[in-house]
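Undergrad: Throughout the sequence shown, residue numbering follows our numbering, covering 888 to 1061 in sequence.
Here it is, the structure, as structure tokens.
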Amino acid sequence: MPTYKSYLCCLGGGQRHWVLPRPGPRMKAAGILALIGCLATVTEPKIYTRCKLAKIFARAGLDNYQGFSLGNWICMAYYESRYNTTAQTVLEDGSTDYGIFQINSYTWCRRAKLQEKNRCHVACSALLTDDLTDAIICAKKIVKETEGMNYWQGWKKHCEGRDLSEWKKGCEVS
């Protein structure tokens, strides 16, 4: 194996120049594997537990936000995404629902191309991370600017009008 000094050579005029070896097949393969490893970690889904979400939601001020209890938020997130931060659902109209709250690209977030709306002023990709800050801010905006939680079909079908106290039971949240 060449030493560090073997990469340094003197050329005309007494100037020193770095001469690096050409990457061989092993170096190329290592680079490709490193790139694949980075990409795999970016797309790995984060699926929260019910109690972890209850704590995050409580800290974010979702309990009783616009009159909706913490149980409503936990129930809705379960039926919308099964607590999966990377959940995506492509709809018949060509739009996509993103993240733990399944927020729609047509009205609420921006995909790679420009959209007519983007009422949450957020990239849709930001709704797919395990940092739920943008998703929570956008969900609060949806609840405040629309008809409450009626925006979410999962909530309407499975959570609305039910006793939701069980959703936070045993989670050490008030």
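Positions of the beta carbon are idealized from the N, C-alpha and C atoms, including for glycine.
State buried or exposed for K1055, treating a residue as buried only when at least 16 other CB atoms are found within 10 Å of its CB.
TA: Position 168 of the sequence shown holds residue 1055. It counts as buried.
Undergrad: What's the gap between the Cα of A947 and the Cα of F988?
TA: Residue 947 sits at position 60 when you count from the first residue of the sequence shown. Residue 988 sits at position 101 when you count from the first residue of the sequence shown. Answer to the nearest angstrom: the Cα atoms are 15 Å apart.
Undergrad: Under a Cβ-count criterion, where at least 16 other Cβ atoms within 10 Å of its own Cβ denotes burial, should E967 be classed as buried or exposed?
TA: The count along the sequence shown starts at 1 and reaches residue 967 at position 80. By the neighbour-count rule (16 or more Cβ atoms within 10 Å), E967 is buried.
Undergrad: Tell me, which residues are paired with F955 by DSSP?
TA: Along the sequence shown, one-based indexing puts residue 955 at 68. BP columns for F955 point to Y952.
Undergrad: Can at least three beta-carbon pairs, one atom from the stretch 951-960 and one from the stretch 1024-1040, be found at a separation below 8 Å?
TA: A contact exists between the stretch 951-960 and the stretch 1024-1040.
Undergrad: Between K1028 and the rest of its own chain, which residues show a CB-CB distance below 6 Å, the 5 nearest in sequence each way excluded?
TA: Counting from 1 along the sequence shown, the entry for residue 1028 is found at position 141. Counting only Cβ-Cβ distances below 6 Å, and skipping sequence neighbours, we find C1007.
Undergrad: Looking at the secondary structure, which residues open and close the alpha helix (DSSP H) in which D1021 lies?
TA: Working through the sequence shown from its first residue, we reach residue 1021 at position 134. That run of the alpha helix (DSSP H) goes 1020-1032.
Undergrad: Do A1022 and G1048 count as a contact pair if the criterion is CB distance below 8 Å?
TA: Reading the sequence shown from its first residue, position 161 is the one you call residue 1048. Reading the sequence shown from its first residue, position 135 is the one you call residue 1022. For G1048 and A1022, no; Cβs fall outside 8 Å.
Undergrad: Straight-line CA distance for T1020 to V1030?
TA: Residue 1020 sits at position 133 when you count from the first residue of the sequence shown. Residue 1030 sits at position 143 when you count from the first residue of the sequence shown. Those two C-alpha atoms are separated by around 16 Å.
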